[in-house]
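In the working numbering, the protein residues as written are 1005 to 1978.
We put the beta carbon where it would ideally sit given N, CA and C, even for glycine.
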Amino acid sequence: MQTRSPTVVGRDREIENLHRLLAGARGGRGGAIFLVGEPGIGKSRLAATATTQALDTGMAMLRGRVGAIGTMVAFRPFTEALLSLIRRGEMPTTEGLGPYRQVLGRLVPDWDDGTAHDTAASPVVLGEAVLRLLALVGQDRGCLLVLEDLHGSDPETLAVIEYLLDNLEDQPIALVATLRSETCPAYELAQLSAQRGAAELAELRPLVRDEVAELAAGCLEVPVDGVPEQLADQLWNDSAGIPFIVEELLHEANRSGQLVSGPDGSVLVVDDLHTNVPPAVVRSISSRTAQLGPQSRDILVLAAVIGHRFPLSVVRAATGTDERLLLATLRAGVAAQLVGPDEPAPDWYAFRHPLTAESLLAGLTPTERSTLARRCADAVEELHPGLPGEWCPMVAELAETGGDPVRAGRLFALAGRRSYDDGSTGSAANLLDRANSLLAGDPDVGYRAEVLGALLLALSATGGFEHIAAHAATVDELAGRNLDSRKLAALHVQFANAEMMAGRSAVALEHVAVARSLLGTDPGDADLAPVDGVAANLELARQSPRRIQAATELAARAAAAAERAGLPEVACEALQLLGILAREHDLDRSVDYFHRARQLAEEHGLTVQRVTSHYFQAGTICLANGSIVELERARQQALRIGAIQLMYDVDSTLGQQAILRSEYARAAEIIAGAVEVTRRLRMGRAATYFLAIKAMLEAHQGRRSAMEATLAEVAHWGGERASYELPYSYGLARTFCALLEENRELADSELAQALAFDAQNPTTLHLTGKNGLALLLGVLSGQNGWAHFEAVTATAASGMRWNKQFVQFAHAVLLGRDGQVEAANAMLQEALETASLFPLAHHLGLRLVAEPAAADGWGEPVAWLRLAEEYFHTAGIAPVASACRGLMRQLGATVSQRRTGSDQVPAYLRQLGVTTREYEVCRLLVDRIGNKSIASRLHISPRTVEKHVASLMTKTQQPDREALSSFARTVVQD
């Protein structure tokens, strides 16, 4: 007789679906199947069937499993899967992973240069890293990833799985996952994934009576009709159709002599089979363990207390067993189909099935189980001082089982803090929540307060803001137990920070006020710094014209106090905020703030803070002189440490700079990749910002329709976040688009809107026009004079290279208007030198300044207009090129006709005989403006416009001007 059936019975449909899944992965079409059911239903057998077929067809195969303490160890199944690939020597070269190789240092220790944990990459970013690696592994052959026992998964593992499910479609990856059909986050994920079509959910049903008979025939090695009816009926009744129990009952019946072979090879039942389930399984397993002898049975019972998986070293220490007896027990246990080696770890064994361990525990009294749990906990602590890795949560579980809640709570707290430091914030929140509950009776209220503070940090990091209010009552409880007022204040600061991140600023400010009252009038630096740090950020979030000044004062106080108190992280964050705020007033001081933050981070080994400070410093340098050298270096550092979020922050700045430099192809490449990945990684803020930059890219090429579509996407995708981008979208996108359409009135309106947004709620975006372009347009319109010029140039932001070019153009116009010809010409040359980095702004400046220069008698307006016309003609910006030609004609210059302009006329209109100039008029009719406005923009006479309108009405067969405008809107807009 075989202990297991050689074939999988009753699962034909599931096997067919698995075959289809694997075939799809081999063809580059990924997918996933969740195998769900109660213990013993056959989930692992089906997963093994998929594994066998994958190997037979040459696919790469990885397997990982959540351990007995899976909720405590983040990403365990992925670590196990990748390490198995490395052990088999099948890991491909990883150059193609880029920065994601370092991110995977969380899972593959050999890939960690010591900074993987510093970056604290989110599970979503880690999911992207795993996705890219699996695609690399499965290139040209397909890859199967099997993840087992997900019902015990940590939140981070589930977050990675969810990310994989959403992005498998075009990858050569098949995912097969097993879990119990019980209420748990993994089961919810499986159900939701099936509902949205991201995975298939296979709920395994119990076997019917005929299938139980077929399974029994396989185990007994006889035809189905050779299984006695009495046996088949009894197995069906007692097993409830659970394959594992069927096999266990058969094994026990055969062992006890109730089944014998007849002369013809048939199976005969000697005695009636009177069993119950689960007592039948308990008796079967107890009977088999009894055959091993009392010492061996005690060893296995103690192992079951540890869990479904257990380390031999701990069992040996806890039982005091010598090596020979332990190995003999294991050999006998393997022979009796009770235990087996746990493949990934040589020192670990596992029970054949969770029901095996549960059956052994069923014979213990609560007191016996507590005693054994304490012995195991003591053994682990003795063997592994400091309890590194998963030993800490294991001992915490054992201590709780052993009836020592304070010991368990403190160990859960330690494990939670470690998980938080590693970036596993979901696991940290779960562990710290358990710790907080278990420590309710701990007399050390100070320690309890520290645990609660750590829990609040973890909840904030995971977005679990709905749980924060539930813990507020604990603060009052601790206050009632005479918790030190400083520690109470620290808790209120933690609550303030959490409420601020949740967007509940009013509640956060209440906590700040309570913290300040608890600290009194003369708080120490260590207490003051965190309060002021949170308060500074709260001020920045206010809707107030004075918010920048108030935030600066608080951040300065926080930084000074933090440095005196030796709080490097608080000091770095405050200095970074100060550096950002100082850009408006003093660029050198801004650089100095970031330099100090960078030095502080280096001194204290704060890797991410160091690179972040470098990025901010590089940003200020770029604003000042236009150099992107330090930005590129900061990006390389972010890549090296795997700081994906920071890398995309740098890319957003580089993308923006590429647009300003008119390097549109490079900008488009940066933006396209970044928008796709930041959306996929659910980086809402970054995705919204990149979309705003994309709108700016379209605007700087005169593509209004594309710009409007992208800005609508910004509003839809960003929600409330999009309001932060409003000065940007109006000042650097809409205003420039209007200028390239020669619509000065609209440009003035759009820029005024940008300035209004900034005045209502000052931003830290400095290139949106307030300190440069607005001055120039105001000077050109006659609204701004020397007083406004002096006010703008008093700010450091006016010296930023992008702003400076417009300030210098405005300065030249003002000098020329005052008759200072020589000074105006010199200033114009300075402006052109400053604008040399920015071709569009350079030539737009020439076009804008040419008119007042001609009127006031200075400079070389015709030469400037020729340069500008050539640039804008080549760039395909017809309105500006046309305006330049019109102005040159007005100045008496000879202008060559641009015949190639007809290429810009849509084919349909060309067929109607519409000329280039008529098309230019047609485009302006879309805005339903009068002949004088059109004439002003095209620099032709109103009478000429009237003739073109009449010609257009005739050629397009429109009855009147209103109809022609409607026609223009439908045909002209791209």
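Within the same chain, show all residues whose beta-carbon is closer than 6 Å to that of Leu1627, passing over the 5 residues directly before and after it, in chain order.
Looking up residue 1627 in the sequence shown gives position 623. So the list reads Met1804, once near-sequence residues are dropped.
Alpha carbon to alpha carbon, what distance is there between Ala1163 and Leu1495?
On the sequence shown, position 491 is the one that residue 1495 refers to. On the sequence shown, position 159 is the one that residue 1163 refers to. Cα-Cα distance, rounded: 29 Å.
Mind checking Arg1184: buried by the 16 CB within 10 Å criterion, or exposed?
Numbered from its first residue, the sequence shown carries residue 1184 at position 180. Buried.
Is Ser1009 helix, strand or coil by DSSP?
On the sequence shown, residue 1009 is found 5 positions in, with the first residue counted as 1. Residue state, collapsed to three classes: coil.
Inter-residue Cα distance where the pair is Arg1452 and Asn1440
For this step, residue 1452 is matched to residue 448 along the sequence shown. For this step, residue 1440 is matched to residue 436 along the sequence shown. Arg1452 and Asn1440: Cα-Cα distance of roughly 7 Å.
Beta-bridge pairing of Glu1207 - partner residues as DSSP gives them:
Working through the sequence shown from its first residue, we reach residue 1207 at position 203. DSSP, once it has assigned bridges, lists Val1040 as partnering Glu1207.
DSSP three-state call for Cys1223: helix, strand or coil?
Taking the sequence shown and counting its residues from 1, one reaches residue 1223 at position 219. Looking at Cys1223 - three-state DSSP - the assignment turns out to be helix.
Going by DSSP, which residues form a beta bridge with Ser1197?
Here residue 1197 is taken as the residue at index 193 of the sequence shown, counted from 1. Partner(s): none; Ser1197 has no beta bridge.
Cutting at 6 Å between CB atoms, please list the residues of its own chain near Pro1876, excluding the five before and the five after it.
As a first step, residue 1876 is located in the sequence shown; it is residue number 872 there, counting from the start. Checking the sequence shown, residue 1876 turns out to be Phe, not Pro. Closer than 6 Å at the Cβ level, and outside the excluded window around Phe1876, lie Val1884 and Ala1885.
Kindly indicate which residue of Thr1053, Leu1750, Ala1758 and Arg1313 has the alpha-carbon position closest to the one of Arg1017.
Here residue 1017 refers to the residue found at position 13 of the sequence shown. Of the listed residues, the one whose Cα sits closest to Arg1017 is Thr1053.
Does the structure place the region 1829 to 1849 close enough to the region 1799 to 1815 that three or more beta carbon pairs sit under 8 Å?
yes
Beta carbon of Ala1178, beta carbon of Phe1038: below 9 Å?
Within the sequence shown, residue 1178 is the residue found at index 174, counting from 1. Within the sequence shown, residue 1038 is the residue found at index 34, counting from 1. Going by C-beta atoms, Ala1178 is not nearer than 9 Å to Phe1038.
Look up Gly1245 in the DSSP assignment and say whether it is helix, strand or coil.
On the sequence shown, position 241 is the one that residue 1245 refers to. Here Gly1245 sits in coil by DSSP.
Sort Ala1510, Ala1897, Lys1959 and Pro1247 by Cα distance to Ser1048 and report the nearest one.
Within the sequence shown, the letter at position 44 stands for residue 1048. Checked all of Ala1510, Ala1897, Lys1959 and Pro1247; the closest Cα to Ser1048 is Pro1247.
Grab the span of the beta strand (DSSP E) containing Phe1079 for me, first residue to last.
On the sequence shown, position 75 is the one that residue 1079 refers to. Premise fails: Phe1079 is in no beta strand (DSSP E) and is neither H nor E.
What would DSSP say about Cys1188, mapped onto helix, strand or coil?
Indexing the sequence shown from 1 puts residue 1188 at position 184. Reduced to three states, the DSSP call for Cys1188 is coil.
So Ala1381 and Ala1321 are in contact, right, with Cβ under 8 Å, and what is the actual spacing, rounded?
Taking the sequence shown and counting its residues from 1, the one referred to as residue 1381 is at position 377. Taking the sequence shown and counting its residues from 1, the one referred to as residue 1321 is at position 317. That pair is no contact at about 11 Å.
Contacts around Ala1710, its chain only, beta-carbon distance under 7 Å, and the 5 residues preceding and following it disregarded
Working through the sequence shown from its first residue, we reach residue 1710 at position 706. For Ala1710, where only same-chain residues beyond five positions count, the Cβ hits under 7 Å are Glu1702.
Spatially closest choice to Ala1801 from Val1250, Glu1745, Phe1416 and Ala1778, by CA coordinates:
If you number the sequence shown from 1, residue 1801 lands on position 797. Here the closest residue by C-alpha is Ala1778.
Name the DSSP bridge partner or partners of Tyr1353?
The sequence position of residue 1353 within the sequence shown is 349, counting from 1. Partner(s): Phe1314 and Pro1345.
Which same chain residues, not among the five before or five after Tyr1104, have their C-beta less than 6 Å away from its C-beta?
By one-based count along the sequence shown, residue 1104 stands at place 100. If we look at Tyr1104 and ignore the five residues flanking it on each side, its Cβ neighbours are Ala1133 and Arg1136.
Measuring only the C-alpha atoms, how far is Arg1889 from Arg1200?
On the sequence shown, residue 1889 is found 885 positions in, with the first residue counted as 1. On the sequence shown, residue 1200 is found 196 positions in, with the first residue counted as 1. For Arg1889 and Arg1200, the distance between alpha carbons rounds to 58 Å.
With which residues is Arg1069 paired in a DSSP beta bridge?
As a working mapping, residue 1069 is identified with position 65 in the sequence shown. Bridge partners of Arg1069: Glu1152.
By alpha-carbon positions, which one of Val1574, Tyr1668, His1720 and Arg1551 ends up nearest to Asp1001?
A query on residue 1001 cannot be resolved here, the shown segment of the chain reaching from 1005 to 1978 and no further.
Please report the straight-line C-alpha distance between Pro1447 and Thr1478, rounded to a whole angstrom.
The residue given as residue 1447 occupies position 443 in the sequence shown. The residue given as residue 1478 occupies position 474 in the sequence shown. If I take the Cα positions, the gap works out to 14 Å.
Below 8 Å, how does it come out for the region 1304 to 1321 and the region 1258 to 1265: are there three or more Cβ pairs, yes or no?
no
For Ser1428 and Ala1078, believed in contact at Cβ under 8 Å, the rounded distance
Sequence index remark: in the sequence shown, residue 1078 carries index 74 (1-based). Sequence index remark: in the sequence shown, residue 1428 carries index 424 (1-based). Yes, they are in contact, since the Cβ atoms of Ala1078 and Ser1428 sit about 3 Å apart, within 8 Å.
To the nearest whole angstrom, what separates the beta carbons of Ala1221 and Gly1230, a pair I think is in contact under 8 Å?
Reading the sequence shown from its first residue, position 217 is the one you call residue 1221. Reading the sequence shown from its first residue, position 226 is the one you call residue 1230. That pair is a contact at about 7 Å.
Per the DSSP calculation, Ala1178 is bridged to which residue(s)?
Within the sequence shown, the letter at position 174 stands for residue 1178. Its beta-bridge partners are Gly1035 and Leu1148.
In terms of residue numbering, what span does the beta strand (DSSP E) encompassing Ser1265 cover?
The residue given as residue 1265 occupies position 261 in the sequence shown. Looking at the DSSP string, the run of the beta strand (DSSP E) that includes Ser1265 is Leu1263 to Ser1265.
Select from Leu1852, Thr1878, Leu1928 and Trp1862 the residue whose C-alpha is nearest the C-alpha of Leu1891.
Within the sequence shown, residue 1891 is the residue found at index 887, counting from 1. The candidate whose alpha carbon is nearest that of Leu1891 is Leu1852.
Quick test of your reading: Gly1146 and Val1070, contact by CB under 8 Å. State the CB separation rounded to the nearest angstrom.
Taking the sequence shown and counting its residues from 1, the one referred to as residue 1146 is at position 142. Taking the sequence shown and counting its residues from 1, the one referred to as residue 1070 is at position 66. Going by Cβ atoms, the distance from Gly1146 to Val1070 rounds to 24 Å, so no, they are not a contact pair.
Alpha-carbon to alpha-carbon, Arg1927 and Arg1973
Taking the first residue of the sequence shown as 1, we reach residue 1973 at position 969. Taking the first residue of the sequence shown as 1, we reach residue 1927 at position 923. So the two alpha carbons sit approximately 8 Å from each other.
From Leu1329, Val1309, Glu1588 and Thr1624, pick the residue whose C-alpha is nearest to that of Pro1774; which is it?
Here residue 1774 is taken as the residue at index 770 of the sequence shown, counted from 1. For clarity, residue 1774 is Lys in the given sequence; the question names Pro instead. If we check each option's Cα against that of Lys1774, Glu1588 comes out closest.
Cβ atoms of Pro1865 and Leu1895: under 9 Å apart, would you say?
Numbered from its first residue, the sequence shown carries residue 1895 at position 891. Numbered from its first residue, the sequence shown carries residue 1865 at position 861. The answer is yes: Cβ separation under 9 Å.
When the Cα atoms are used, what is the spatial distance from Glu1673 to Thr1611?
In the sequence shown, counting from the first residue as 1, residue 1673 sits at position 669. In the sequence shown, counting from the first residue as 1, residue 1611 sits at position 607. Going by the C-alpha atoms only, they are around 29 Å apart.
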